[in-house]
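Position one of the sequence shown corresponds to residue 7 (my numbering), numbered consecutively onward. In what follows, a single structure is set out as structure tokens and then discussed.
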Amino acid sequence: MARAFPSVECNSLTAVTRIVAGSSAITAFTLQGVFSELERGMFALLSREPWLTVRYGVVVLKGHPLSSAAMRLREFVIEAEHTVSVEEMQLLKRWRPARGRGRSPVRREGRAVRQ
């Protein structure tokens, strides 16, 4: 039975970017991962789904304190997550599709233009 929606799976973000750029495909990507394509007007942001998030946790053995290296790693991950969250919110403000319009602004010569 043929699939209604064919899909391609890749382990390379560069390959995914090239496939999307050279076709009518869509993909889920981080805004940071396609920033330059958005800037050049190659890609348009369709939407940002609230359920499309990464949930992770740090697991430790009960009764075993974290080593100083593990505590530093946890601090690093928390700091990095905060930095990425702030950057993503800034990018969303800039690239979020207009509600009800159905299309994202396309950047031309430093300004947004509706297609």
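Glycine included, C-beta positions come from ideal geometry on N, C-alpha and C. What you are looking at is a predicted structure, and each value in this text was computed from that prediction instead of being measured.
query: To the nearest angstrom, how far is the alpha carbon of S53 from that of H70?; result: 43 Å
query: Apply the 10 Å Cβ neighbour rule to T23 and answer buried if 16 or more other Cβ atoms are within range, or exposed otherwise.; result: buried
query: Which residues in the same chain have their Cβ closer than 7 Å to the Cβ of V64, if we skip the five residues on either side of it in sequence?; result: R80
query: My output table needs one value for M77: the three-state DSSP class, helix, strand or coil.; result: helix
query: Three-state secondary structure (DSSP) at G135?; result: What the structure shows of the chain is the stretch from 7 to 121, and residue 135 is not part of that stretch, so it cannot be assessed.
query: Roughly how many angstroms lie between the CA atoms of S42 and R61, to the nearest whole one?; result: 26 Å
query: Could you spell out the range, first to last residue, of the alpha helix (DSSP H) harbouring R24?; result: L19 to A27
query: Residues in the same chain with beta-carbon distance under 6 Å from L97, minus the five sequence neighbours each way, listed in chain order, please.; result: L37
query: Using the C-alpha atoms, what's the distance from A27 back to M77?; result: 41 Å
query: Find the nearest neighbour of A34 within the set R46, E45 and W57, judged by alpha-carbon distance.; result: W57
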